[in-house]
Amino acid sequence: MPRVTALRPARPGRVLVELDGERWRTVPAEVAARTGLSVGLELDRERLRTLRAELRRREALAVGARALARRDRSEQAVRDVLERKGVGEPEREEAVATLRQHGALDDERFACTRAAALAQRGLGDAAIAFSLERDGIGPEWSASALAGLEPERDRAVRLAARRGATAKTARWLAGRGFAADSIEAALASVAKDERLELG
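Here it is in structure tokens:
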């Protein structure tokens, strides 16, 4: 069986492992410590399996962290990224749990910030709820995020005031996910304001 003959510092945070006097591979220092690699240790099948599992766990966590470094994502979106990268289910779930535990992954926070961004872009509650569902957000967080927004009716009034109280505006608002009662209220409010201005 191969024996660890040296552990040498490599790049920052990595260790070069030599087996029987030959360079074998570099591993993260954390993985070397967690698996108990030390000079004189024989690498039997069980130890190699442990090392391989630890490397897979660490890689899954790194892939998840990189996905979150670019933008906030839902837990389901991170699972999807990990699956596309070929990460197995146990490592996927462990990575998601670790990221959630450290606060890097939070579906409630994601739902609230995503809903606010979509509302800012002029979408109604139905379109926002659909987008959140597509992102893997459950109904409880979706409802909570929608409740934290400015009322849909007020958003519709503001958009209708810019576009005018026309049938075209009504169709545009409906296409952006606004409810019929919000559209009616918005058009009535804008039409009333226009009548008052005309005197």
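Just so you know, this note's numbering puts 1404 at position 190 of the sequence shown, and the rest follows in order with no gaps.
C-beta: ideal position from N, C-alpha, C; glycine also.
CA nearest to the CA of residue i, picked from the options
{"i": "P1242", "options": "R1248, G1227, T1264", "result": "G1227"}
{"i": "A1224", "options": "R1217, D1234, W1238", "result": "W1238"}
{"i": "D1286", "options": "E1260, L1269, G1317", "result": "G1317"}
{"i": "R1271", "options": "A1281, E1244, E1256, E1347", "result": "E1244"}
{"i": "L1262", "options": "V1229, E1297, P1304, P1216", "result": "P1216"}
{"i": "R1280", "options": "R1367, V1295, R1266, E1268", "result": "V1295"}
{"i": "G1254", "options": "L1265, L1269, L1233, R1266", "result": "L1233"}
{"i": "T1249", "options": "A1267, L1319, A1331", "result": "A1267"}
{"i": "D1368", "options": "Q1334, S1358, A1276", "result": "Q1334"}
Beta-ladder partner(s) of residue i, from DSSP
{"i": "L1233", "result": "V1218, E1236"}
{"i": "R1198", "result": "This structure gives no information on residue 1198, because the portion of the chain shown stretches from 1215 to 1413."}
{"i": "E1256", "result": "R1217"}
{"i": "P1223", "result": "V1229"}
Contacts around residue i, its chain only, beta-carbon distance under 6 Å, and the 5 residues preceding and following it disregarded
{"i": "S1288", "result": "D1321, F1324, D1349, G1350, I1351"}
{"i": "R1307", "result": "Strictly speaking, residue 1307 in this sequence is Glu, with Arg absent from that position. Around E1307: no qualifying Cβ."}
{"i": "R1377", "result": "T1383"}
{"i": "V1301", "result": "A1274"}
{"i": "E1256", "result": "M1215, R1217"}
Straight-line gap, residue i to residue j (C-alpha atoms, nearest Å)
{"i": "R1390", "j": "A1283", "result": "30 Å"}
{"i": "L1360", "j": "F1344", "result": "11 Å"}
{"i": "P1422", "j": "V1292", "result": "The question about residue 1422 has no answer, for the chain in this structure spans 1215 to 1413."}
{"i": "A1313", "j": "G1336", "result": "At residue 1313 the sequence reads Leu, which differs from the Ala that was named. Spanning the two alpha carbons is a distance of roughly 32 Å."}
{"i": "R1328", "j": "E1366", "result": "16 Å"}
{"i": "L1319", "j": "L1269", "result": "22 Å"}
{"i": "A1330", "j": "L1363", "result": "7 Å"}
{"i": "S1305", "j": "L1265", "result": "Per the sequence shown, the amino acid found at residue 1305 is Glu instead of Ser. Near 14 Å, if we compare the C-alpha coordinates of L1265 and E1305."}
{"i": "V1310", "j": "S1358", "result": "22 Å"}
Cβ shell of residue i (< 8 Å), same chain only, five flanking positions each side left out
{"i": "L1387", "result": "G1338, A1370, L1373, A1374, S1396, I1397, A1400"}
{"i": "V1229", "result": "L1221, R1222, P1223, T1240, V1241, P1242, A1243, A1246, L1251"}
{"i": "A1340", "result": "G1391, F1392, A1393"}
{"i": "L1332", "result": "A1341, I1342, S1345"}
Cut-off 7 Å between Cβ atoms - residues of its own chain near residue i, not counting five sequence neighbours on either side
{"i": "S1356", "result": "A1325, A1343, L1346, E1347"}
{"i": "D1258", "result": "M1215"}
{"i": "K1299", "result": "V1277"}
The alpha helix (DSSP H) enclosing residue i, as first and last residue numbers
{"i": "G1389", "result": "1381 to 1389"}
{"i": "E1308", "result": "1303 to 1315"}
{"i": "I1342", "result": "1339 to 1348"}
{"i": "D1321", "result": "1321 to 1334"}
{"i": "A1357", "result": "1353 to 1361"}
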